[in-house]
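Engineer: Attaching a single structure in structure tokens format; questions to follow.
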Amino acid sequence: MEQEWNDTCSIPQANYWAGEALARRLRQIFENGRRYHGYHDGAYFMPNDKREQDRMDMEHRIFRMVLNGKLYLSPLAQSPGRVLDLGTGAGPWAMDFAEAPQNCTFEIDDFEDEWPYDTSRPFNFIHARNIAGCVADYDRLFAQAFKHLSPGGYLELQSSEANIFSDDGTIERAVTARQWRNILVLSSKKFGKRLGVEDGWKKQMEQAGFVDVVDQVFKVPFRPWPKDPKLKELGLWQSKHINEAIESYSLALFTRVLGWTVEELDVLLTGVRNDFADPHSHLYGRIRFVYGRKPE
């Protein structure tokens, strides 16, 4: 997704989208009752159907609650100029950021390929949310982002980590959820685009040339167990969201990569949902924000 902070947008040339190129980008795969991107032969393992779009809308609400309504943490100018959102999905972040539809243009491409943008028109802000599991080479991604940012521009990554925590030892009760998480990360590693890599982003961004890199983590309970009102409300929303998210993340990885049957996965996910709903456990996940600046 590309957008300007005014009423003009760059429009891809017609021949870029014509014929076979457009057909390849729009191809879909239907599998195990879900719809997936077919572009690059299933290089993205998450579904893209209406059910998944509804899940992403719910997750977008959770991210905004974490940031008290804000969309990002980077210290941007009031009118940041040219903005690129990588892996935008159905586009809730992009459309909220743009404020008006005429400020937002959607493009279908693979951000792991060479970016098609003219470096003489750099971006002022590049944003990506939940791209863990979508990227094989972060060094290349960060190098491309650095190349296409204007001096003083920011790159910000936001991510729900594929991990489970507790501060009181009750994570030991979540045997099935911990087993699921370990298998999920293993399958993503075999897939070639590993989950659970967010703690390395700060160092990799610095190695790519970014400065003033900030790494900030927020707790998100898996059910409304906290006494704090904000965390309790977050837990209420996350308890609904996680029931959908575990299937979205698992279905293609477990069946395509590990060879599980849908029935075997359903049994496992039932146990995972029971662990997250356990009234005696105080489990939480983490949302991580990492942002840095290209030097002037």
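Residue numbers (numbering that gives the first Met the number 0): 0 to 295. The beta carbon of each residue, even a glycine, is placed where N, CA and C say it ideally should be.
Please state whether the Cβ-Cβ distance between Y296 and S78 is less than 9 Å.
Structural biologist: In the structure displayed, the chain extends from 0 to 295; residue 296 sits before or after that span and is not available.
Engineer: Whole angstroms is fine: what's the gap from K231's alpha carbon to P220's?
Structural biologist: 8 Å
Engineer: Kindly indicate which three-state DSSP category V134 falls into: helix, strand or coil?
Structural biologist: When secondary structure is reduced to three states using DSSP, V134 falls in the coil class, being assigned neither helix nor strand.
Engineer: According to the neighbour-count rule (16 or more other Cβ atoms, all chains shown, within 10 Å of its Cβ), is R54 buried or exposed?
Structural biologist: buried
Engineer: In this structure, how does DSSP classify Q237 when only helix, strand and coil are distinguished?
Structural biologist: Three-state DSSP puts Q237 in a helix.
Engineer: Give the list of continuous alpha helix (DSSP H) stretches no shorter than 4 residues that lie fully inside the stretch 209-259.
Structural biologist: The qualifying runs are 228-251.
Engineer: Where does E171 sit, in a helix, a strand or coil, going by DSSP?
Structural biologist: helix
Engineer: Could you tell me how far apart the beta carbons of L194 and A131 are, in whole angstroms, since I believe they sit closer than 8 Å?
Structural biologist: With a Cβ gap of about 5 Å, L194 and A131 count as contacting.
Engineer: Nearest to W179 by alpha carbon, out of H126, W259 and V216?
Structural biologist: Shortest Cα-Cα distance from W179 to any of H126, W259 and V216 involves W259.
Engineer: Just reading off the alpha helix (DSSP H) that L268 is part of, what are its end residues?
Structural biologist: V261 to A276
Engineer: Short of 6 Å in beta carbon distance, which residues of its chain neighbour T169, apart from the five on each side in sequence? Order them along the chain.
Structural biologist: S280 and H281
Engineer: With a threshold of 16 other CB atoms inside 10 Å of the CB of R120, please say whether the residue is buried or exposed.
Structural biologist: Answer is exposed; the Cβ neighbour count stays below 16.
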